[in-house]
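Asker: To start, I am sharing the structure in question, which I have written as structure tokens.
Put into structure tokens, the structure is as follows:
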């Protein structure tokens with residue numbers, strides 16, 4: 312618990328966010344309330360309202376930050392002169408983030424977000440993360456001498472994103488433990504799935520250019 316009797320201004324705002332995330336981690340989003348945040352911080356029930364108009368505003372800021380961290384993770388692989396290699400590395404970064412930050416990942420993709428129209432900063436963060444993938448795919452197509460339209464890039468981005476989300480979701484379910492999988496198959500599954508997604512996007516497993524794509 313973060314004690315905040317003496318905290319004011321930005322310090323109290325950060326303490327509220329930290330405590331809210333702790334509540335969500337321990338008990339789920341449904342247990343989050345500003346009253347509970349205040350109680351755990353040892354401040355008046357009205358203190359959090361100086362910084363957040365409602366519980367949903369707290370949640371929206373937590374999700375916004377999660378998307379910002381996610382976008383940073385997607386950008387984190389070293390940039391090379393080979394867009395195919397870089398795109399596959401971004402896919403691995405996606406999966407790594409999902410396993411390293413399961414709570415943030417679940418908040419972004421595993422539940423109901425606060426009302427989008429009421430929280431434009433949160434949605435801007437979501438678009439920023441998606442735009443990282445879009446930019447990688449534009450670079451991939453341009454390296455082939457192609458100039459794809461926005462609709463094609465969006466279709467390819469949604470295909471890649473949904474495929475990676477499926478990989479993460481499957482690996483995190485308890486059911487996979489009941490399938491009597493060979494240890495080597497399970498260990499190699501993520502890399503194998505990424506290679507298949509790459510092939511569908513026109514990337515061979517060596518990171519060299521191929522033709523085609525999931526269009």
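In this note's numbering, the protein residues as written are 312 to 526. Even glycine gets a Cβ: it sits at the ideal position worked out from N, Cα and C.
Taking the alpha-carbon positions, what's the residue 369 to residue 355 distance?
Answerer: If I take the Cα positions, the gap works out to 17 angstroms.
Asker: Closest to residue 404 by C-alpha separation, out of 479, 343, 496 and 371, would be which residue?
Answerer: Nearest of 479, 343, 496 and 371 to residue 404, Cα basis: 479.
Asker: Please say whether residue 443 and residue 501 have beta carbons closer to each other than 9 angstroms?
Answerer: No, they are not a contact pair.
Asker: Excluding the 5 residues preceding and the 5 following residue 316 in the sequence, name in chain order all residues of the same chain whose CB lies nearer than 6 angstroms to its CB.
Answerer: Confidence at residue 316 is low in this model, with a pLDDT of 48, below 50, so its placement is unreliable and the value that follows should be read with caution. Cβ within range, chain order: 353.
Asker: Locate the alpha helix (DSSP H) running through residue 514, then write down its first and last residues.
Answerer: Careful: residue 514 lies outside any alpha helix (DSSP H) and carries neither H nor E.
Asker: Could you give the DSSP three-state label for residue 363: helix, strand or coil?
Answerer: Correct three-state label for residue 363: coil.
Asker: Using a C-beta cutoff of 9 angstroms, does residue 339 count as contacting chain D?
Answerer: No chain D appears in this structure, which consists of one protein chain only.
Asker: I need the straight-line Cα distance from residue 438 to residue 381, nearest angstrom please.
Answerer: Cα-Cα distance, rounded: 11 angstroms.
Asker: Cβ of residue 378 within 9 angstroms of Cβ of residue 324?
Answerer: Cβ atoms of residue 378 and residue 324: not closer than 9 angstroms.
Asker: Three-state secondary structure (DSSP) at residue 425?
Answerer: Residue 425 falls in the coil class under three-state DSSP.
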